[in-house]
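Written below as structure tokens is the structure these notes are about.
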Amino acid sequence: MDAVLLSRIQFGFAAGFHFIFPPLTLGLTLIIFILETLYFRKNSEIHKEISTFLIRILALIFTLGVASGIVLEFSFGTNWAEYSRMVGDIFGAPLAAEAVFSFFLESTFLAILLFGRSRVSKKAYLTAAFLVFFASHLSGLWIIIANSWMQTPAGYAIENGRAVLTDFFAAAFNPSTGVRYLHTVVAAWVTGALFAAGISAWFLLKKRSENIFRPLLKICVVIFIITAALQFVSGHLHVLQVGETQPAKMAAFEALWKTGNGVPMSLFGIPSETTETTKLEVSVPKLLSILMHFDSNAEVKGLNEFSKEVWPPIVPTYLTYHLMVIIGIIFGIMALIALILLARKKLFTANWFLKVLLIAAPLPLIANTLGWVAAEIGRQPWAVYGLLKTADAASKAVPAWQALISLILFVIVYSLLFAVFLTIFFKIVKRGPESKI
Amino acid sequence: METLQILQIIWFLLIGVLFVGYSVLDGFDLGVGSLFPFLAKTKEEKQNLFDIIWPFWDGNEVWLLTAGGALFAAFPYAYATVFSGFYLALMLVLFALIFRAVSLEFWIHDEKRQSLWANAFTVGSFLPSLLYGVALGNVIVGIPLDTNMDFTGTFFTLLRPYPLSIGLLGLAAILLQGSTYTALKADGTIKERARLLTGKIWIFYIVTFVLSIVMTAVFAPKNFSNIPAWIFFVVVLAGTFLSRRASSEGSDLKAFLLSSLSFIGLWGITGAIQYPNLVVNNTGGGNITIFNGSSTSLTLTVMLIIAVIGVPIVLGYTIYVYRVFKGKIKNLNY
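Chains A and B are the protein sequences, given in the same order.
Read in order, the letters of the first sequence correspond to residues 1024 to 1460 in this note's numbering.
Read in order, the letters of the second sequence correspond to residues 11 to 344 in this note's numbering.
If you want it as structure tokens, here you go:
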């Protein structure tokens, strides 16, 4: 295997592992901030107790996020040296800004949340909860800025073979930053809400600490209903942006082989790149044209418009994108059921739905990963869309055997860490909020 | 002087400041980690030792992320060359940092394997403490680069005598941070052990410092005529010596601050002998300098604005949190 492919697999694996944790962090900091606000206003011990419990889980998740996050910042230098030389003038700044504006804030005030309850005033503690929430969301913005620039580069010029910054704001708020940030943050809220709802459902099914987990479940379900609906809006906006700025990627999402008017939307099927057809396809007539252009006969560009050299790998792009959408639709249905149960005040007694919530808890993590794989594989063969090919971005100083050693180590180490993480996570949950650690 | 040159010099200094921040702050928890088995024997003692660094270590490590990000943004050519060139060594550091990060959290929850996680914390702290200096020694004494500025040596090129001596010196400075910090924030037996260790580490520090000077005479003699470096040389010697004296007199805060001063002195020497080079090329081809390895004037300006706004705020709340957890830390109430 060549070093470029190994580096790609390694980055994908390391980033994929890392991204289990940040959405949970974002979602949990939102719920914790809400709970702390309620505690501050009402002086209600129950909210304080749930929050303390969730902070303990947040600490574990945050730690794994930190441990796996350091790797990524250095990966650009270790495995993608040519990339770093070519775009360092633009790409480094958001990473540095993320550390300065977000990571310091997040880790410093998380210490207050963890150890400071008895050491600071109630107001200072609430402020700390807000700052952790704020910092984690700001950190997401910087990293989405960096990644979006790779998708839709702007605000730069090419000078002596490297990309140089010409307009900071144009680069930072490039055509895809806003909508991708919205889509990612809403996904994180769905993730956090279903995660904490799953934990609450487990306690309610076990009939443990019900006085604590009923209010938590209610908060989570409300967040879930809103965000699951909102995700359709942000998803749609994101699709419009991809269609506009990365049409080859959009065609790959849909496995739309030929340009056409009034094209159908593919619901599911098995695309084949060699025959340029999609087998067993189920599709809705004219829907893609309607969704993309609000016009049932509008033209949508197919893959035939692009040279095959710049096609992303169609099969993984299509499948991951569609599986993500299917999970999104499942969330939509769940949100609707939750809304009905909530309106009829049956949320806490509908055991079957509590079981559904328990099973669905890890689903957003899968949807997140699918979405990112679709976004990143869909960007291929480019590292920076239309500007730098992935094959030209890798380090020349790193031979394949070294990349292989590090990849094997990452797989072993991360599997080990994940196993321990799960063991500890279930232990913390089983101990419940009444425990001191 | 042109604006670009001024910005390049400012960023050379600012990255130095970030490395100083990382060394002084994360230095103490890396030091505590490296000295872990010598400082704590029983389970209570281990818990206490973790307690004195727990609220701070993560924020401290962000200095590394900031320095790394700033190096990437300001001097991408140096970042690319060093990180791809030192691939396996850096992977070793990264895996050490991963284990170190999770081991505190795992230690408290995974009772069955507590000794494993305590050891992971020790090894995860010790390896980076040694390897940072080795990496720095390499870019000072020079590494082989091709015309694309890519490293052409092997893993063993990195383990030459000069870099190894710098590695030991860095380790000594980190250990002194660790022992003086422990004496300051812990009490009872641990504090006594930390003070005793300070007395021993001080000797190790001076020995490795002299060794590095000898190595410089052999492998990089041109640095001997560098006057500013000799001024910082005095700072290092005085800081180390006075830190040791303060420690034996029982002024633990003074000992810690003087140890930190000595660390600043080490970075002063590094900056003085390295300027304007970032990575020295020992094949006779050109070095990567702050002038040929930097980003453009606009990026350096944007970064400067980010730093001018961000760093004072960071310093402000960092001081706040150190005040919240001031004095001896015991029973952290996790």
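Backbone N, C-alpha and C define an ideal beta-carbon position, used for all residues, glycine too.
Owing to the predicted nature of the structure, the values given are computational and were not obtained by experimental measurement.
For residue i, which residues in chain B fall below 7 Å Cβ to Cβ?
i, result
"LEU1083(A)", "GLU115"
"GLU1096(A)", "LEU75, GLY78, GLY79"
"LYS1450(A)", "HIS119"
"SER1429(A)", "MET101"
"THR1131(A)", "GLY69, TYR327, THR328, VAL331"
For residue i, go through chain B and note every residue whose CB falls closer than 9 Å to its CB, in chain order.
i, result
"GLN1425(A)", "TYR97, LEU98, MET101, PHE165"
"ALA1251(A)", "Within chain B, no residue comes near ALA1251(A); the closest Cβ sits about 31 Å away, beyond 9 Å."
"LEU1432(A)", "MET101, PHE105"
"LYS1419(A)", "SER94, ASP156, ASN158, ASP160"
"SER1232(A)", "In chain order: nothing, as chain B lies at least about 20 Å away."
In chain order, what residues of the same chain lie with their CB nearer than 6 Å to the CB of residue i, ignoring the 5 residues before and after it?
i, result
"ARG254(B)", "TRP212"
"MET1173(A)", "VAL1407"
"SER270(B)", "VAL34"
Any Cβ of chain B within less than 9 Å of the Cβ of residue i?
i, result
"SER1289(A)", "no"
"THR1372(A)", "no"
"PHE1127(A)", "yes"
"LEU1029(A)", "no"
"ALA1461(A)", "This structure cannot settle anything about residue 1461(A), because the visible part of chain A is limited to 1024 through 1460."
"ILE1167(A)", "no"
"ILE1222(A)", "no"
"GLY1100(A)", "yes"
Taking only beta-carbon atoms, is residue i less than 9 Å away from chain A?
i, result
"ALA80(B)", "yes"
"LEU352(B)", "Residue 352(B) lies beyond the range of chain B shown here (11 to 344); nothing can be said about it."
"SER64(B)", "Sequence inspection shows Trp at residue 64(B); the Ser mentioned does not correspond to that position. Chain A, which has a Cβ nearer than 9 Å to the Cβ of TRP64(B), makes this yes."
"THR199(B)", "no"
"PRO86(B)", "yes"
"TYR89(B)", "yes"
"GLY320(B)", "yes"
"VAL92(B)", "yes"
"MET225(B)", "no"
"VAL144(B)", "no"
"ALA111(B)", "yes"
Skipping 5 residues on each side, what residues in its chain have a beta carbon closer than 8 Å to that of residue i?
i, result
"PHE1226(A)", "SER1232, GLU1233, ILE1235, PHE1236, GLY1455"
"LYS1065(A)", "none"
"THR299(B)", "PRO286, ASN287, LEU288"
"TRP67(B)", "ASP36, ASP39, LEU114"
"ALA1426(A)", "ALA1026, LEU1029, SER1030, GLN1033, ASN1102"
Leaving out the 5 sequence neighbours to the left and right, which residues in its chain are closer than 7 Å to residue i when beta-carbon positions are compared?
i, result
"PRO86(B)", "SER305"
"ILE1078(A)", "ILE1055, LEU1136, LEU1137"
"LYS1145(A)", "PHE1063"
"ASN1391(A)", "PHE1042, PRO1046, ALA1210, THR1214"
"ALA1180(A)", "VAL1187, THR1189"
"PRO238(B)", "ALA282"
What is the rounded straight-line gap between the Cα of residue i and the Cα of residue j?
i, j, result
"LEU1263(A)", "VAL27(B)", "45 Å"
"TRP1496(A)", "ASN292(B)", "There is simply no residue 1496(A) to check, as chain A begins at 1024 and stops at 1460 in what is shown."
"THR250(B)", "THR309(B)", "39 Å"
"ILE1084(A)", "THR76(B)", "22 Å"
"ILE1293(A)", "ALA1397(A)", "15 Å"
"ALA256(B)", "ASP262(B)", "7 Å"
"THR91(B)", "ALA1416(A)", "13 Å"
"LYS56(B)", "THR226(B)", "39 Å"
"PHE1329(A)", "LEU104(B)", "41 Å"
"PRO1045(A)", "PHE1354(A)", "20 Å"
"LEU1095(A)", "MET101(B)", "12 Å"
"VAL133(B)", "THR1048(A)", "28 Å"
"LEU276(B)", "LEU137(B)", "20 Å"
Mind listing the chain A neighbours of residue i? Cutoff is C-beta to C-beta under 9 Å, in chain order.
i, result
"LEU107(B)", "ALA1090, ILE1093, VAL1094"
"VAL334(B)", "ALA1134, ILE1135, PHE1138, GLY1139, ARG1142, VAL1143, ALA1147"
So residue i packs on residue j, CB below 8 Å; how close in whole Å?
i, j, result
"VAL1338(A)", "VAL1286(A)", "Actually they do not touch by this definition, with Cβ atoms about 20 Å apart."
"ASN1197(A)", "SER1171(A)", "6 Å"
"ILE1363(A)", "LEU1386(A)", "The pair is not a contact, with the Cβ atoms about 20 Å apart (cut-off 8 Å)."
"ALA1216(A)", "THR1250(A)", "6 Å"
"ALA1383(A)", "VAL1244(A)", "So it is not a contact: roughly 12 Å between Cβ atoms."
"VAL334(B)", "ARG1367(A)", "That pair is no contact at about 47 Å."
"GLY188(B)", "GLY41(B)", "2 Å"
"LEU45(B)", "LEU185(B)", "6 Å"
Output, in chain order, the set of chain B residues within a Cβ distance shorter than 8 Å of residue i.
i, result
"ILE1032(A)", "Ordered by position in chain B, no residue passes the 8 Å Cβ test against ILE1032(A), which lies about 15 Å from the chain."
Strictly below 8 Å CB to CB, what residues from chain A border residue i?
i, result
"LEU308(B)", "VAL1187, LEU1188, THR1189, PHE1191"
"ALA317(B)", "VAL1123"
Is there a Cβ of chain C sitting closer than 9 Å to that of residue i, yes or no?
i, result
"VAL312(B)", "Looking at the structure shown, chain C is missing, and the protein chains on hand are A and B."
What in chain A is Cβ-close to residue i, meaning under 7 Å?
i, result
"ALA196(B)", "Near ALA196(B) there are no residues of chain A at all, since even the closest Cβ is about 16 Å away, more than 7 Å."
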